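Chains as they are written, first to last, in my numbering: chain E, 5 to 425; chain L, 632 to 910.
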């Protein structure tokens, strides 16, 4: 039997799913039905404009793309940035993460999580009070991004060296009360939502035990499903550790860890991976969680943690941040930039000529990393539902797909790219 | 009650986010019974719809499926508005057409194969109005929703320079163009400080947002408010820059002339037609 959804709704971008259910096996494919072509179009473009171009890869995680890109430019030209700039960038990325998480939780999936009719709560006539307050909270983070980046979508100010325009003490003081209110809203939200999601996790009873990957300024780490540390490497060595194959169908590539081969070397990234690797004592994260639905819990907890962290950073930056454009001294070379985007590890890699023109670009996005895991997870879920009605299976397939919050405009990098040979 | 459809083609979804950022205005209309969303794959599990009074189209036409979707939207809609620079001019990702793309198109399902070139919506179906910008300016999106989807006031030939608060001299002359903004001041024209700003040719409407944060204009609002007229706009832009430059040719002064003049609108230019036809 084949179960097919040509284009899934309530997912960012154009994506299809096909599940073939055989006698003994289940084979799932997610099919990326969209092509963006940012790697080829960057060829011949001035290196310093890379953040402007690459933020347009995605209108949802645009801050993260601009940041990974500007870091790659700075890495390539050996430009260092001040602590203040690093902190303000962290605020921007955290705010971007909150707005992305809240967009997913309340505009794309909330109805399924709350068991209401499958129409997003936000555009139904009568709104649940908490949802309304969260939408207001999301607008607040967008406002913060606008203050730092020049506007809410596609950052303007993020340039090599720091920001093209600084923030005054007054600008910073406007952010503090916003963050306090946001933290309060998110605390209420987590109290209401986490038990509902835990209930859904128990009901489904499916967890895919995978490796998890995370990136920080000290490099990339990979952890096994039981928490054992497997690998750690600098981002400029990613090519030695991460391989890619073309998807069997659709515009997409499937990254994997070379140490484990393909397809066994698939990994998961994003909120679930981050909390599994950096477990604290927050909510249900006293142990490693493998259920895809826990991505939603992770998004809520991360939003709350991010809001608290923004509060700290805004306090530390209360006297403002100066504009800090760098002098650009071009030379031939390569640059690497990586960041935890809302959906997980995001890598930008550019090779450029002596006059600072991009020769090759390689961009690997979180949804690309997660795609093989989404397929395995759908297979595992469907296998456990043999004999059930097709409609029920279809609903589950879409739920699992949406748990990962895939972003298709991002995931479509697919051109053969050879750098550094 | 106005029935609204949101049709998305190939793009980054920033325009959808721009609409969601004005969600309060939209929700007000929905709660007040003035508007209803009948189709929006991002938000609703609705695969088809009978009729829309207004369709908001975002993204550009790149795949066979995009073409099918926008033709369906045209048939079902009274009024079709192109939102954002991809829908209006083809958008930034159209520059990929300059490269030979070695993609796994053979593995793409037949209905999502790539068309010969990225195209703005108006090349494929008739549009009734356009709201350019990457992303479209927030105040335009809000105004569009507040006014129940009626067209925005035209910019009437005004440019970003006309909206910019930086000081300009009467006789503009620049010797060379620079690539960083170290040491530039907040008050004077960026171009006169040798920063390659294209606001002099770009249609107004954004409030000179980028120059206001010390970043040069890159032309996302297009070079003519009539979306179909970008080719003439670029010719005017090139000659305008040439008249300001003291040295040599425009091409010598710029590292990437195509990216500079056609960043958001390469698919709209006639040059592209020539390339495609092989003449």
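Ideal Cβ placement from N, Cα and C applies to all residues, glycine included. All of these numbers come straight from a predicted model, not from anything done at the bench.
Notebook entry, point to check: Is the CB of residue 422 of chain E under 7 Å away from at least one CB in chain L?
Noted result: Numbered from 1 along the first chain, position 418 holds the residue referred to as residue 422 of chain E. Confidence at residue 422 of chain E is low in this model, with a pLDDT of 35, below 50, so its placement is unreliable and no value can be given for it.
Note to self: I need the boundaries of the alpha helix (DSSP H) containing residue 656 of chain L, first residue and last residue.
What the structure shows: Mapped onto the second chain, residue 656 of chain L falls at position 25. Residue range 654–662 is occupied by the alpha helix (DSSP H) that includes residue 656 of chain L.
Checklist line | residue 332 of chain E versus residue 49 of chain E - alpha carbon distance | finding: Residue 332 of chain E sits at position 328 when you count from the first residue of the first chain. Residue 49 of chain E sits at position 45 when you count from the first residue of the first chain. C-alpha of residue 332 of chain E to C-alpha of residue 49 of chain E: approximately 15 Å in a straight line.
Check: Would you call the CB atoms of residue 41 of chain E and residue 337 of chain E closer than 7 Å?
Finding: In the first chain, residue 41 of chain E corresponds to position 37, counting from 1. In the first chain, residue 337 of chain E corresponds to position 333, counting from 1. No, the Cβ-Cβ distance between residue 41 of chain E and residue 337 of chain E is not below 7 Å.
Next item on the list: For residue 817 of chain L, count neighbouring Cβ atoms within 10 angstroms of its own Cβ and tell me buried if that reaches 16, exposed if not.
Entry: Stepping through the second chain from its first residue, residue 817 of chain L is reached at position 186. It is exposed - the Cβ of residue 817 of chain L has fewer than 16 other Cβ atoms within 10 Å.
Check: In terms of alpha-carbon separation, which member of L:703, L:805 and L:728 lies closest to residue 756 of chain L?
Finding: For the purposes of this step, residue 756 of chain L is taken as the residue at position 125 of the second chain. That would be L:703, whose Cα lies nearest to the Cα of residue 756 of chain L.
Check: Are any of the Cβ atoms in chain E nearer than 7 Å to that of residue 905 of chain L?
Finding: Position 274 of the second chain, counted from the start, is the residue given in the question as residue 905 of chain L. The predicted model places residue 905 of chain L with a pLDDT of 47, which falls under 50 and marks its position as unreliable; any figure quoted below should be read in that light. No, no contact with chain E.
Next item on the list: Counting only the same chain and skipping the five closest in sequence on each side, list residues whose C-beta sits under 7 Å from that of residue 60 of chain E.
Entry: The sequence position of residue 60 of chain E within the first chain is 56, counting from 1. Correct list, in chain order: 158.
Notebook entry, point to check: Can you list, in chain order, the residues of its chain whose CB lies under 8 Å from that of residue 909 of chain L, leaving out five sequence neighbours each side?
Noted result: As a position in the second chain, residue 909 of chain L is number 278, starting the count at 1. In this prediction, residue 909 of chain L scores a pLDDT of 44, lower than 50, which makes its location untrustworthy; no coordinate-derived value is stated.
Check: Do you know whose CA, among L:777, L:711 and L:892, lies nearest residue 861 of chain L's CA?
Finding: Translated into the one-based positions of the second chain, residue 861 of chain L becomes position 230. For residue 861 of chain L, the nearest C-alpha among the options comes from L:892.
Check: With C-beta atoms as the reference, is residue 308 of chain E less than 7 Å away from residue 222 of chain E?
Finding: Translated into positions along the first chain, residue 308 of chain E becomes position 304. Translated into positions along the first chain, residue 222 of chain E becomes position 218. Not closer than 7 Å, so no.
Item checked: Within chain E, partners of residue 811 of chain L - CB distance below 9 Å -> Mapped onto the second chain, residue 811 of chain L falls at position 180. Under the 9 Å cutoff, chain E gives 52, 163, 164, 165, 329, 330, 331 and 332.
Item checked: Three-way DSSP call (helix, strand, coil) for residue 639 of chain L in this model -> Stepping through the second chain from its first residue, residue 639 of chain L is reached at position 8. Assigned with DSSP and collapsed to three states, residue 639 of chain L falls in strand.
Item checked: Residues bridged to residue 340 of chain E (per DSSP) -> Translated into the one-based positions of the first chain, residue 340 of chain E becomes position 336. In the DSSP output, where bridge partners are listed per residue, residue 340 of chain E has E:353.
Notebook entry, point to check: Near residue 118 of chain E, what residues of its chain come up, given a Cβ to Cβ distance below 7 Å and the 5 sequence neighbours on each side ignored?
Noted result: What you label residue 118 of chain E is simply residue 114 of the first chain in a count that begins at 1. Residue confidence for residue 118 of chain E is low, a pLDDT of 42 falling below 50, so the modelled location carries little weight and cannot support an answer.
Checklist line | Contacts of residue 649 of chain L in chain E (Cβ-Cβ under 9 Å) | finding: Position 18 of the second chain holds residue 649 of chain L. Under the 9 Å cutoff, chain E gives 63, 156 and 157.
Next item on the list: Classify residue 667 of chain L as helix, strand or coil using the three-state DSSP reduction.
Entry: The count along the second chain starts at 1 and reaches residue 667 of chain L at position 36. Here residue 667 of chain L sits in strand by DSSP.
Check: Is it right to say residue 268 of chain E is buried, meaning 16 or more other beta carbons lie within 10 angstroms of its own, or is it exposed?
Finding: Position 264 of the first chain holds residue 268 of chain E. Result: exposed.
Next item on the list: Please go through the same chain and pick out, in chain order, the residues whose beta-carbon is closer than 7 Å to the beta-carbon of residue 313 of chain E, but skip the five residues on each side of it.
Entry: The sequence position of residue 313 of chain E within the first chain is 309, counting from 1. Closer than 7 Å at Cβ, skipping near neighbours: 98.
Check: Taking DSSP as the reference, what is the three-state secondary structure of residue 307 of chain E?
Finding: Sequence index remark: in the first chain, residue 307 of chain E carries index 303 (1-based). Three-state result, residue 307 of chain E: helix.
Check: If contact means a Cβ-Cβ distance below 7 Å, which residues of the region 837–857 of chain L contact chain E?
Finding: Listed by position along the chain: 840, 841, 844, 845, 846 and 849.
Margin query: Can you tell me whether residue 846 of chain L is helix, strand or coil according to DSSP?
Written below: For this step, residue 846 of chain L is matched to residue 215 along the second chain. DSSP places residue 846 of chain L in coil when its eight states are reduced to three.
Notebook entry, point to check: Which bits of chain L does residue 169 of chain E rub up against, with CB to CB less than 9 Å?
Noted result: Your numbering for residue 169 of chain E matches position 165 in the first chain. Residues of chain L passing the Cβ test: 817, 843, 844, 845 and 846.
Margin query: Check whether the region 202–211 of chain E and the region 384–401 of chain E touch, using three or more Cβ-Cβ pairs below 8 Å as the test.
Written below: When C-beta atoms of the region 202–211 of chain E are compared with those of the region 384–401 of chain E, three or more pairs fall below 8 Å, so the two segments count as touching.
Notebook entry, point to check: How is residue 292 of chain E classed by DSSP in three states: helix, strand or coil?
Noted result: Walking along the first chain from the start, residue 292 of chain E turns up at place 288. For residue 292 of chain E, the secondary structure class from DSSP, reduced to helix, strand or coil, is coil.
Margin query: Would residue 772 of chain L and residue 693 of chain L be called neighbours here (beta carbons separated by less than 7 Å)?
Written below: Counting from 1 along the second chain, the entry for residue 772 of chain L is found at position 141. Counting from 1 along the second chain, the entry for residue 693 of chain L is found at position 62. No; because the gap between Cβ atoms is not below 7 Å, this pair is not in contact.
Item checked: Proximal chain E residues relative to residue 834 of chain L, where beta-carbon distance stays under 7 Å -> To locate residue 834 of chain L, count along the second chain from 1; it is residue 203. Around residue 834 of chain L, no beta-carbon contact reaches into chain E at under 7 Å, the shortest distance being about 17 Å.
Notebook entry, point to check: For residue 700 of chain L, which option in L:888, L:782, L:867 and L:672 has the closest C-alpha, if you only look at C-alpha atoms?
Noted result: Start at 1 with the first residue of the second chain, and residue 700 of chain L comes out as number 69. Put simply, of L:888, L:782, L:867 and L:672 the residue whose alpha carbon is nearest the alpha carbon of residue 700 of chain L is L:672.
Check: Sorted by chain position, which residues of the same chain lie with C-beta nearer than 7 Å to residue 228 of chain E's C-beta, five sequence neighbours on each side aside?
Finding: One-based indexing of the first chain puts residue 228 of chain E at position 224. So the qualifying residues of the chain are 215 and 234.
Notebook entry, point to check: When DSSP labels each residue in this structure, what does residue 266 of chain E get in the three-state scheme?
Noted result: Numbered from 1 along the first chain, position 262 holds the residue referred to as residue 266 of chain E. Secondary structure at residue 266 of chain E: coil, using DSSP grouped into helix, strand and coil.
Margin query: Taking 7 Å as the threshold (beta carbon to beta carbon), is residue 37 of chain E in contact with chain L?
Written below: Numbered from its first residue, the first chain carries residue 37 of chain E at position 33. Under the Cβ criterion of 7 Å, residue 37 of chain E is counted among the residues facing chain L.
Check: In angstroms, rounded to a whole number, what distance separates the CA positions of residue 143 of chain E and residue 410 of chain E?
Finding: Here the question's residue 143 of chain E lines up with position 139 in the first chain. Here the question's residue 410 of chain E lines up with position 406 in the first chain. So the two alpha carbons sit approximately 22 Å from each other.
Next item on the list: Spell out the partners DSSP gives residue 366 of chain E in its beta bridges.
Entry: On the first chain, residue 366 of chain E is found 362 positions in, with the first residue counted as 1. Paired residue(s): E:353.
Next item on the list: Just mark residue 849 of chain L as buried or exposed, buried being the case when its beta carbon has 16 or more other beta carbons within 10 Å.
Entry: On the second chain, position 218 is the one that residue 849 of chain L refers to. Here residue 849 of chain L is buried. Its C-beta has 16 or more other C-beta atoms within 10 Å.
Notebook entry, point to check: For residue 31 of chain E, which residues of its own chain have a beta-carbon under 6 Å away from its beta-carbon, when the five flanking residues on both sides are left out?
Noted result: Translated into the one-based positions of the first chain, residue 31 of chain E becomes position 27. Closer than 6 Å at Cβ, skipping near neighbours: 24.
Note to self: Looking at the strands, I want to know which residues DSSP matches up with residue 237 of chain E.
What the structure shows: Position 233 of the first chain, counted from the first residue, corresponds to residue 237 of chain E. Residue 237 of chain E pairs with E:224.
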